[in-house]
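K.L.:
For reference, the structure I am asking about is given below.
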Amino acid sequence: MNASTVREKATAVQMFVVTLAKITGLLKIPLRTNSGRIGLSVLAVYSIVVIFGPWLTPYIPTEYDLDHRFESPSLNHLFGTDHNGRDILSRVIAGARSIVFISVIGTALGIFLGTIIGITSGYLGGWFDQIAMRAMDFLLSFPSLLLALLLITIGLQRTSLDESWLIIAVIGIAFTPNNSRVIRSAALTIKPLEFVQNARLRGEPLYHIVLREILPNIAPVIGVEASLRLSFALLLTASLGFLGLGVQPPTPDWGLMVNESRTHLSQAPWASLAPAFAMGTLVIGVNLFSDGIRQSLQLPEDRGQK
Amino acid sequence: MNKEPLLKVENLSVTFFTPRGTVTAVREASFEVSRGEVLGIVGESGCGKSTTAFAVMGYLPTTAETGGSISFEGKDISSLSKEDLRELRGNRIAMVYQDPTTSLNPSMKIGIQVQEVISEHLNLDQTARDEKVVELFESVGLADTDQVGDRYPHELSGGMQQRVMIAMALACDPDLLIMDEPTTGLDVTTEATILDLVASLKERVNAGILYVTHNLGVIARVADRVAVMYAGQTVEQSNVKDLFASPKHPYTSGLLSCVPKPPGAGEVSSRLKRIPGFVYSLEESDVSSCLFAERCPLADSECTTVSPALKFIGQNSEVRCFHSDKVEPDTWGGAEERISRKDVASPTVLTGTGITHEYGKRRKKYMAFGPDIDLPVRALNKIDFEMPQGKTLGIVGESGSGKSTLARAVVGLVKAKDGSLQLNGKELDKTVEKRSNEDKSAIQMVFQNPTASLNPKLKIKNTLIRSFMRFSKLNKQESEERAATLMEEVGLDPSYLERLPSELSGGEQQRVAIAGAFATNPEIIVADEAVSSLDVSVQAQVLSLLEDRQQELGNSYIFITHDLGVVRYVSDDIMVVYAGHIAEYGPSEAVLSSPSHPYTEALLSAVPIPDPSAKPNPLRLEGAVPTMREEFTGCFFASRCPRKLESICDTEAPPIQKIPGNETHVINCHIAIEDLEKIQA
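This is the structure in structure tokens:
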């Protein structure tokens, strides 16, 4: 082995260590505050559930057991059983995967679109800004659930997309206006700064100014916005499931589970309460996490939420 | 009579405990203030001046630990209870802060704010309070004392706001008045009027004044005695006249010799002296050496091992140096000759003709009809200039006079409404995005705030190599090599390339910004207040750097500043702008000597001169630059002109007068040149 390959290996190891240090450094941000600590631990528990779900379920989530219908919580069935005798704990665990997957990817899509549109229109200003922002206003004028219903109905008729991917696309589109407004206003505070003007004087192309000069400086804002949007995405996905527009039965889904057991609420309240409780803790966890980041980065309190 | 001084600070030290480590802001500060005298505390930023002032007020946060003692009329302040301290602060000690806009409550009328202080500390009924407010406003020289109290802070100019702050401080006839950089954010013209006020207060009120500033000119104007602080220590304390005439500490001597001398007759023949290095880091805690040793030309082995104590050298004078007897005018090197460029003819690089710019749009009340409701701000009005190659054009004026807009119009960051720019005879596009690569690289800019000029998230390297890659079409590695050489040329270690801007000091950041501007190999660099936010010692370093680069590369500078000392030092030509108009334009010495435009004259007389024996020129400008929304019916300067003639100044725009014998020197004024010469003699 000659010296240069050794050096290359050494730099590769160095790079790896640096990246690792950066990630652990980022994780330390929410850990600086109490709410961040609680939020992060809730999220850690849910991550385990999502990743190892199939190995954690005590029963097969879709298996009917008509002898044990409406069983109240016991050691056999920790969360009880539903009207078909299925184990609710298993169904809650199995349902976590789809809702988290859909919400996370949907939020990421919304943040991606919102970041590009927000920074570009904030930096460029003028007619581009006007057109982009009026388009966003147009989307904003629909309540997000209504917009989602509309887009899914159209999507189901016109495209051959899977429902999960449709919901992801819908979440992305429904959240882009809010994201882009927040990110645009953050970009507007960076735009007049001298280093951006310097980049203009150097004749930098638009993508460089957007991605290298402005984006890294508003990354904290985007991080907080993303974690905040995630909780709204979770709620939207669950609402769509409840309305029967999400994953189709018998696949377990939290929103769908609440809907299915709604009629048996007096007989077996646990069947609706368990998925609702899972939903609630997850959303609270995400919110605490996002509060934690915001507090430790000392960003201003959030503007009107939607 | 009581011989006890009013305020006695002994061996004060202030340490802040922060999550990032301890910061020792003040180490050993000792000074005294007596009744009826002004003690000036002077030093560069980071030397603990303001912290000392706050410590005297007892305003430090709880994370601070103080040592030493502060006694007020013989009583130790730290032994006082909270109640007593509160009583002391309002009634006996008062403070005036740097920024009047944030010190006043924007939603309360100023009269009420002053009354609040009075009702808190004095037992007066409503009519007596009203009278007291009017009396206070009179004593600080506010016009219209009966009505001014009904105004909100935003309706007053910066100078008037600072007067209100001083009135509030004087409300309870304090025994000690602390002023922390009260004129730093103000224009020279306003600063001069506030300094007049402080000087007159000295005679009127029987109080001690502690005046904190970084400006030696201001100190010379107001102080009786001066304490010089360096890295949290008082290094020299003396009578103001002695201090300026024969400084005993090498730091004081260095500070005095690196300030560009204020405008006077003749060309600047010798270069500025420079103090190398930067202020001693406050995070270091050991004091087993002289803190100034590493920057000091007189330092020897003793200085780096033993910490010098304050020693008395004659009446009321103390100095913290082993070698105080060796400090002389040549301590910082003898006079370095400057190459005179006065008579060197050079071709014109850049010409601007009729540059006009307006901010905002004209709007009518009902869409296209009715009276105008929103007039644009006329920021620039038909500015013409010529930029000779290898020379420096200085642009001076108060804030709001259009200097920065002109700079931005030249580089193309704002699109000028009208007029044309020609680079070497070729028309330049008005916006930078539309200019060719060649034109872009020919004009670069250095901004005022070095911290904001560098992307905080990018390493220095990643900012610097961009220009090489774009304009010289080099690959990444070659660019990095070029960046390293460039760093050496601006006096920085190439290892800095791997650092983030936040790891550099302000002066170093400005060097990097200058390196960035030079990276495109420009013909013209526009420096917008490029040295204004730097400390004097760093300012001298940066000015020398710019000068060296110019001699080497022969590029031209457009140098925008409000500091007339700096502009005199750097410029070959000077343009004086007021309200978007050229008031006077010509070769540097000609502009700064008589005859000059009344506005130039007023600017010159307002500059504080770092020489306590100098007699202040009584010519003052009141008010501020007009908003420039209305079209001027007569002369643009008529509303504030101290030399205004009768009606003609209000009705006719001034003619452009050329000075006989010097065709390049023009004055835009109604007053005949001979008359100007006579009144200014």
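Chains as they are written, first to last, in numbering that gives the first Met the number 0: chain A, 0 to 305; chain B, 0 to 680. Think of the CB as a built atom: it goes at the ideal place given N, C-alpha and C, for glycine as much as any other residue.
(1) Taking Cβ positions, are residue 513 of chain B and residue 555 of chain B nearer each other than 7 Å?
(2) Rank B:541, B:479 and B:409 by C-alpha distance to the C-alpha of residue 467 of chain B and give the top, closest one.
(3) To which residues of the same chain is residue 219 of chain B closer than 8 Å at the C-beta, ignoring the five residues directly before and after it?
(4) Between which two residues does the beta strand (DSSP E) holding residue 584 of chain B run?
(5) Could you work out which residue in A:278, A:253 and A:239 is closest to residue 144 of chain A when comparing CA atoms only?
(6) Comparing the C-beta of residue 412 of chain B with each C-beta of chain A, is any distance below 7 Å?
(7) Closest Cβ-Cβ distance between residue 191 of chain A and chain B: below 7 Å?
(8) Name the chain B residues that come within less than 7 Å of residue 69 of chain A, Cβ to Cβ?
(9) Taking residue 241 of chain A as part of the beta strand (DSSP E), name the residues at either end of that continuous run.
(10) In chain B, which residues lie with their C-beta within 9 Å of the C-beta of residue 29 of chain A?
(11) Could you have a look at residue 0 of chain B and say whether DSSP puts it in helix, strand or coil?
(12) Can you tell me whether residue 500 of chain B is buried or exposed, with buried defined as 16 or more other CB within 10 angstroms of its CB?
(13) Suppose the cutoff is 7 Å on Cβ atoms and the five residues either side in sequence are ignored; what does the same chain contact list for residue 681 of chain B look like?
(14) Rounding to the nearest angstrom, what Cα-Cα distance links residue 318 of chain B and residue 42 of chain B in this structure?
(15) Taking 7 Å as the cut-off, decide whether the C-beta atoms of residue 164 of chain B and residue 118 of chain B are in contact.
(16) Alpha carbon to alpha carbon, how far is residue 365 of chain B from residue 371 of chain B? Give it in angstroms, no decimals.
(17) Given residue 178 of chain B, which residues of its chain have a CB within under 6 Å of its CB, disregarding the five upstream and five downstream residues?
(18) Indicate the three-state DSSP secondary structure (helix, strand or coil) for residue 82 of chain B in the structure shown.
(19) Examine chain A for any beta-carbon lying closer than 7 Å to the beta-carbon of residue 676 of chain B, and answer yes or no.
(20) Can you tell which of B:40, B:7, B:184 and B:93 has the C-alpha that lies nearest to the C-alpha of residue 33 of chain B?
(21) Please check if any C-beta of chain A sits within less than 7 Å of the C-beta of residue 431 of chain B.
(22) Can you name the residues that DSSP bridges to residue 387 of chain B?
(23) Kindly indicate which three-state DSSP category residue 122 of chain A falls into: helix, strand or coil?
(24) If the cut-off is 7 Å on Cβ atoms, which residues from the segment 461-480 of chain B count as contacting chain A, listed in chain order?
(25) For residue 457 of chain B, return the contacting residues in chain C, with the cut-off set at a CB-CB distance below 9 Å.
(26) Tell me, please, whether the CB atom of residue 36 of chain A is closer than 7 Å to any CB atom in chain B?
(27) Leaving aside the five residues before and after residue 408 of chain B along the sequence, list all residues of the same chain whose C-beta is less than 7 Å from its C-beta, in chain order.
(28) Find the nearest neighbour of residue 459 of chain B within the set B:272, B:503 and B:442, judged by alpha-carbon distance.
(29) Please classify residue 667 of chain B: does DSSP put it in a helix, a strand, or coil?
(30) Grab me the residues of residue 76 of chain A's own chain with a C-beta within less than 6 Å of its C-beta, minus the 5 sequence neighbours each way, in chain order.
(31) At which residues does the beta strand (DSSP E) containing residue 196 of chain A begin and terminate?
(32) State the beta-bridge partners of residue 661 of chain B as determined by DSSP.
(33) What is the C-beta distance between residue 182 of chain A and residue 114 of chain A, in whole angstroms, given that I count them as a contact (C-beta under 8 Å)?
(34) Quick check on this structure: which residue in B:160, B:347, B:234 and B:137 has the alpha carbon closest to the alpha carbon of residue 97 of chain B?
(35) Cβ closer than 7 Å: which chain B residues qualify as neighbours of residue 112 of chain A?
(36) Residues of chain A with CB under 7 Å from residue 232 of chain B, in chain order?
P.N.:
Let me lay it out:
(1) no
(2) B:479
(3) 239, 243, 607, 608, 609, 610, 611 and 613
(4) 580-586
(5) A:239
(6) yes
(7) no
(8) Here the premise fails: no neighbours, minimum Cβ distance about 56 Å.
(9) Run containing residue 241 of chain A: none in the beta strand (DSSP E); it sits in the alpha helix (DSSP H), 218-241.
(10) Within chain B, no residue comes near residue 29 of chain A; the closest Cβ sits about 17 Å away, beyond 9 Å.
(11) With a pLDDT of 38 at residue 0 of chain B, under the threshold of 50, the predicted position of this residue should be treated as unreliable, though the coordinate-derived value follows. In this structure, residue 0 of chain B counts as coil in the three-state DSSP scheme.
(12) buried
(13) What is shown of chain B runs 0 to 680, which leaves residue 681 of chain B out entirely.
(14) 15 Å
(15) no
(16) 9 Å
(17) 95 and 210
(18) helix
(19) no
(20) B:7
(21) yes
(22) B:347
(23) helix
(24) 465, 466 and 469
(25) In the structure shown, chain C does not exist; the protein chains are A and B.
(26) no
(27) 354, 356, 379 and 415
(28) B:503
(29) strand
(30) 70 and 86
(31) Segment 193-200 is the alpha helix (DSSP H) holding residue 196 of chain A; no beta strand (DSSP E) there.
(32) B:658
(33) 5 Å
(34) B:160
(35) Going along chain B, no residue has its Cβ under 7 Å from residue 112 of chain A, so there is no contact; the nearest lies around 22 Å.
(36) Simply none; closest approach about 34 Å.
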